[in-house]
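The numbering of the sequence shown is the numbering used here, which starts it at 684 and goes up by one.
One structure is given here, and the rest of the page talks about it.
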Amino acid sequence: MNKQYDAVIFDLDGTLIDSMWVWEKIDETFLSELGLAVPKDMDKILEGKSFTETAIYFKERFKLEMSIEAIKERWNEMAWEFYTKKVPLKAGAKDFLVWLKEKNIKMGIATSNSIELVEAVLEALNIRDYFSQIRTSCEVGRGKPFPDIYLKVAEDLEVVPHNCLIFEDIPNGLRAGKAAGMTAWGMFDNQTEEMQSEMQEIADHFVMDYYEVMKGFKA
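Okay, structure coming up:
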C-alpha cells in the first residue's frame with residue numbers, strides 16, 4: 684500500500700452498502716406478482732448491467748407489457764423503504780470515508796443503481812457530502828464490464844485513471860475498473876465460492892471489510 688491515490692471510487696450496492704439482499708427480495712416479489720419464478724441463471728446474466736439494461740432484459744425475457752420506465756419506477760418504489768430505513772453501510776465504511784477525507788483524497792461513486800435510490804440511501808446514511816461526483820451506468824450508456832462509468836467519474840473528479848483505486852463486489856465491476864486502467868480491489872459480500880475465486884483472479888487485492896483496507900493503508 685505504498686502507492687498514493689488521488690481518488691477512490693466506490694461501487695455502491697454490495698460494496699459500500701449492504702443491499703444485495705434487497706434486490707433478491709425485489710426480484711422474487713416483482714416476478715411472483717406476475718406469476719413467474721426467478722431463473723437460476725439471472726444473477727450471472729445481469730452482473731454489472733445498468734438499471735436501464737436490467738429493465739430491458741426483464742421486459743424482453745419475461746415478455747412484459749410494462750414500459751421500461753414503468754419497470755424502473757416500480758423497482759424504485761419497491762426499494763425506497765429499504766434504502767431509506769433498512770440498508771446499512773458495510774463494516775468500516777464510514778471510518779474509511781472519514782479517513783479519506785482527512786487525507787484530502789477525492790471520492791466518487793460509480794453504480795449500476797438508479798440515481799434516485801443512490802441519493803436516497805446516501806442521505807439516509809448521512810454520507811452524501813463525502814462524494815463530490817456520482818455517476819450511474821445509465822448516464823454513460825453501458826454497464827460494467829465496460830470501463831465507461833469509471834472513466835467518466837475520473838474525468839468528473841479531474842484525476843488520472845491510473846491514480847484511482849476502485850472497490851467492487853462483482854467480477855464485471857472489477858473488469859470495468861481494470862479496463863479503465865485503475866487499481867481494483869474486491870470487497871467481500873457473501874459471494875459464492877466460485878465468484879470469490881473469480882474476483883480474486885481479477886482483483887489487485889481482495890478484502891473482507893474496510894477495517895482491513897485501512898490497516899493496509901496505514902501499514
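No residue lacks a Cβ here, since even glycine has one placed at the ideal position from N, Cα and C.
So Ile-700 and Ala-793 are in contact, right, with Cβ under 8 Å, and what is the actual spacing, rounded? As a working mapping, residue 700 is identified with position 17 in the sequence shown. As a working mapping, residue 793 is identified with position 110 in the sequence shown. So it is not a contact: roughly 14 Å between Cβ atoms.
Using alpha carbons as the reference points, say which of Leu-805, Val-890, Ala-886, Met-749 lies closest to Arg-858. To locate residue 858, count along the sequence shown from 1; it is residue 175. Answer by Cα proximity: Ala-886.
**Asked** Relative to the alpha-carbon of Tyr-813, which residue among Glu-851, Met-790, Ala-720 has its alpha-carbon at the smallest distance?
**Response** As a working note, residue 813 is residue 130 in the sequence shown. The candidate whose alpha carbon is nearest that of Tyr-813 is Met-790.
Q. Does the Cβ of Arg-818 have 16 or more other Cβ atoms within 10 Å, making it buried, or fewer, making it exposed?
A. The sequence position of residue 818 within the sequence shown is 135, counting from 1. Buried is the call here.
Item to check | Which of helix, strand or coil DSSP assigns to Arg-818 | outcome: Against the sequence shown, residue 818 aligns to sequence position 135. Arg-818 falls in the strand class under three-state DSSP.
**Prompt:** So, Ser-795 versus Ser-733, is the Cβ gap smaller than 7 Å?
**Reply:** Within the sequence shown, numbered from 1, the residue matching residue 795 stands at position 112. Within the sequence shown, numbered from 1, the residue matching residue 733 stands at position 50. Yes, Cβ-Cβ distance for Ser-795 and Ser-733 is below 7 Å.
Notebook entry, point to check: Of all the beta strand (DSSP E) runs that stay within the bounds of the stretch 817 to 900, which reach a length of 3 or more residues?
Noted result: 847 to 851, 866 to 870, 888 to 890
Neighbour-count burial assignment, Val-781, 16 or more Cβ in a 10 Å radius:
The residue you call residue 781 lines up with position 98 of the sequence shown. Under this definition Val-781 is an exposed residue.
- Message: Let me check you understand the geometry: is the CB of Thr-767 closer than 6 Å to at least one non-hydrogen atom of the ligand SAM?
- Response: Annotation note on the ligand SAM: not contained in the displayed structure, which lists no ligands.
Straight-line gap, Asp-710 to Val-721 (C-alpha atoms, nearest Å)
Walking along the sequence shown from the start, residue 710 turns up at place 27. Walking along the sequence shown from the start, residue 721 turns up at place 38. Spanning the two alpha carbons is a distance of roughly 7 Å.
(Q) Quick test of the definition: if touching needs 3 or more C-beta pairs under 8 Å, does the stretch 747 to 760 touch the stretch 862 to 878? (A) no
Span separating the alpha-carbon of Val-804 from that of Thr-712: Along the sequence shown, one-based indexing puts residue 804 at 121. Along the sequence shown, one-based indexing puts residue 712 at 29. Taking the straight line joining both Cα atoms gives about 21 Å.
Next item on the list: Return the first residue and the last residue of the alpha helix (DSSP H) that Met-761 is part of.
Entry: Start at 1 with the first residue of the sequence shown, and residue 761 comes out as number 78. Unbroken alpha helix (DSSP H) run through Met-761: 751 to 764.
**OP:** Classify Leu-633 as helix, strand or coil using the three-state DSSP reduction.
**Re:** Since the first residue shown for the chain is 684 and the last is 902, residue 633 is missing from the structure and cannot be characterised.
query: Got a sec, what are the start and stop residues for the alpha helix (DSSP H) Ile-709 sits in?
result: Residue numbering aside, residue 709 sits at position 26 when the sequence shown is read from its first letter. Start and end: 703 to 715.
- Query: Where does the unbroken beta strand (DSSP E) through Ala-690 begin, and where does it stop?
  - Reply: One-based indexing of the sequence shown puts residue 690 at position 7. 690 to 693 is the span of the beta strand (DSSP E), which, as asked, contains Ala-690.
Item to check | Asp-694 beta carbon less than 7 Å from that of Asn-846 | outcome: Locating residue 846 in the sequence shown gives position 163, counting from the first residue. Locating residue 694 in the sequence shown gives position 11, counting from the first residue. In this structure, Asp-694 does not lie closer than 7 Å to Asn-846 by Cβ.
* What is the rounded straight-line gap between the Cα of Leu-800 and the Cα of Asp-696? -> Taking the first residue of the sequence shown as position 1, residue 800 is located at position 117. Taking the first residue of the sequence shown as position 1, residue 696 is located at position 13. Approximately 11 Å between the Cα atoms of the pair.
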